[in-house]
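Residue numbers (my numbering), protein chains in the order written: chain A, -16 to 106; chain B, 648 to 1221. Structure record follows, encoded as structure tokens.
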């Protein structure tokens, strides 16, 4: 888990930067992208080991970004974040290849646990 | 009862909206239907009964009148024959014998004796000369030499040639009739033969008519004096209390009330050769007995039918009104349920919007507080560490509580989410109209439907589509005056779009208002509107991937056009 390279994608800057900082405090390498396009560029430049992706974003939506990641890098596990509290979205995401989904606001311990599971299942 | 008014009352009572009359409404409806049905069913029955009674009455009368006429005619004929026989025999004698022979008492006695053997009822026979002197006489009395010249009958017989007298009481105080015939002799003088008859034969003829005890028959003369004894109207030579039609030699039947108060039928037949008339009397009650029996039977059938009709109509009306009431209540309930669902879904949509908006800042607070907690936790030298950790924990707990609430709200809204089904828009429009028809009818607003045949079915949410059309049509109803007009048209716009327009000829809207009609909380209905109706409508149509357009001209009306994809493309909508 140490030095795990994580990419956080969310249009809410305050949220994503704070979350990144918290993960860094725990010894993880977290970077933040504020939209889908940036995220895809960053993946190409420096491939992360795991992507945490918000579903609701302007521009390229979460599902579209997910589809493209899975097309290019099927080995990268993606965990979805949803603000709607809708299991439907989560289920749809998992059908598109997401590892799992979490509801906002997040419990950081749960996020770490989910990431560990994801890494384990994607050696 | 005026049918038009009744019908108007009937429909009005069905449509009346106001609450305090709602209880009365069904009572009036019940009463009107009841009266109408009773009238419709009983009227023909009454008319039929009256016609039947009339027809039967006249036909039965004919059946009574004709036999009475026949009987009277026959009996009259018997009487006339009787007189004619007597007259003809004395005419024969007057012609066969010379004056001298007849003047001879012996010859006359012989002739009289021979006549007595041949003809009944003869009392006497006498010869009278032209001066009215009785020259010879055969019979029980002594009339020889009697002078008849001053008597009326003598003058009549001389002039007419024959004569039949009225009934008179003879010397022996029983009724007689005198018959006389005159012949002019060769020497120019007159020869008159006169015979007296007793009237026992009259009673025989009357008896032969075979009358029942309630009936009566008798002879009267021209002055209304009874000539043969009558059962009910007096003795011989009494004046008859009845009055008769005059003229005519054919028997006439008439209806009168006799002095005893009985309703009777009288057949009156005057004789052609004499002063007499035959009278036949039958009580009406007797002859109309069959008629009365039949009438009471008919009356019984009539009354029982009426009672039966009333019972059936009452029961039928009761059931009918109950059904109407049930149907009304059911529709009312459906409408209320629909409204309730609508309200809930509006709240749901609002809640979902709010929850979603709040969720993002909550997520930020959560992370910031989390970071604060982390920083404090990782710093071993931090002062008031315990206190800070307590504070951040309490922030995180509050965030958790908030997020529980937003998730619950989102969950509630999700239950109102779209369910796509195949539906026929025409059918849906008609279904929606059923909620509003009542108001339109009551306000006399004309609803015109131009629905396209073979309109392709669309895939959409039934409840939300109903909501869309309910909102727009409701606005149209609010915009038009009483007796206004609303036209609803549906058509196939292109291969994957269906269009529906709702056009009214109401007040229309200004440019200013037109710009804001889809904004939430914008309303022109003051207290009556929430300002959400069209905003929600717009939201739903957009969410289904459709479009909505409005054209309006002040004082001319408004047209709303809704375009819906045949397969809803669910977008973010609101």
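Built from N, CA and C at the ideal position, the CB exists for glycine as well.
For residue 992 of chain B, the uninterrupted alpha helix (DSSP H) segment begins and ends at 936 to 1025. A straight-line Cα-Cα distance of about 21 Å links residue 1165 of chain B and residue 988 of chain B. Residues 1212, 1213 and 1214 of the same chain have their beta carbon placed closer than 8 Å to that of residue 1143 of chain B, with the five preceding and five following residues left out of the count.
Distances from the alpha-carbon of residue 991 of chain B to those of B/852, B/957 and B/1056 put B/1056 closest. When beta bridges are read from the DSSP output, residue 744 of chain B appears opposite no residue. In this structure, the beta-carbon distance from residue 1016 of chain B to residue 1042 of chain B falls below 8 Å.
Put simply, of B/856, B/828, B/862 and B/866 the residue whose alpha carbon is nearest the alpha carbon of residue 846 of chain B is B/866. Here residue 43 of chain A is not near residue 66 of chain A, since their CB atoms are 8 Å or more apart.
The beta carbon of residue 22 of chain A sits closer than 7 Å to those of -10, -8, 16 and 48, all from its chain and outside the five residues before and after it, given in chain order.
Of B/775, B/957, B/1125 and B/825, the smallest CA-CA separation from residue 678 of chain B is found for B/957. Between residue 937 of chain B and residue 730 of chain B, the CB-CB gap reaches or exceeds 8 Å. DSSP, read as helix, strand or coil, puts residue 714 of chain B in helix. Here the alpha carbon of residue 95 of chain A sits roughly 57 Å from the alpha carbon of residue 1198 of chain B. For residue 764 of chain B, the uninterrupted alpha helix (DSSP H) segment begins and ends at 752 to 765.
Taking 8 Å as the threshold, the shortest C-beta distance from residue 88 of chain A to chain B falls below it.
If you look at residue 104 of chain A, you'll find it in the alpha helix (DSSP H) that goes 91 to 104. Counted as a single uninterrupted DSSP element, the beta strand (DSSP E) harbouring residue 1147 of chain B occupies residues 1144 to 1151. Residue 672 of chain B sits buried, since 16 or more C-beta atoms from the chains shown fall within 10 Å of its C-beta. Assignment of residue 1110 of chain B by DSSP, reduced to helix, strand and coil, places it in the helix class.
When Cβ pairs closer than 8 Å are counted between the two stretches, the stretch -7 to 6 of chain A is seen to touch the stretch 1002 to 1017 of chain B, the count reaching three or more. Residue 836 of chain B and residue 750 of chain B have their C-alpha atoms spaced approximately 14 Å apart. With fewer than 16 neighbouring CB atoms inside 10 Å of its own CB, residue 58 of chain A falls in the exposed class.
Residue range 19 to 28 is occupied by the alpha helix (DSSP H) that includes residue 21 of chain A. In this structure, the straight-line span from the alpha carbon of residue 906 of chain B to that of residue 843 of chain B is close to 34 Å.
Rounded to whole angstroms, the separation of the alpha carbons of residue 1125 of chain B and residue 1153 of chain B is 8 Å.
Of the residues assessed, residue 1096 of chain B falls on the exposed side of the cut-off, its CB having fewer than 16 other CB atoms within 10 angstroms. Listed along chain B are 1014, each with a C-beta nearer than 7 Å to that of residue 2 of chain A. Counting along the chain, no alpha helix (DSSP H) covers residue 910 of chain B; the unbroken beta strand (DSSP E) around it starts and ends at 910 to 917. If you ignore the 5 residues before and after residue 853 of chain B, its C-beta comes within less than 6 Å of the C-beta of 864, all in its own chain and listed in chain order. Collapsing the DSSP output to three states places residue 879 of chain B in coil. When B/821, B/1021, B/777 and B/1202 are compared, the shortest CA-CA separation from residue 1038 of chain B is found for B/1021. DSSP places residue 54 of chain A within a helical segment (H, G or I) once states are collapsed to three. For residue 864 of chain B, the enclosing beta strand (DSSP E) begins and ends at 863 to 867. Within chain B, the C-beta atoms nearer than 8 Å to that of residue -3 of chain A come from 1011, 1014 and 1015, in chain order. At a cut-off of 8 Å between beta-carbon atoms, residue 14 of chain A makes no contact with chain B.
It is roughly 28 Å from the alpha-carbon of residue 716 of chain B to the alpha-carbon of residue 826 of chain B.
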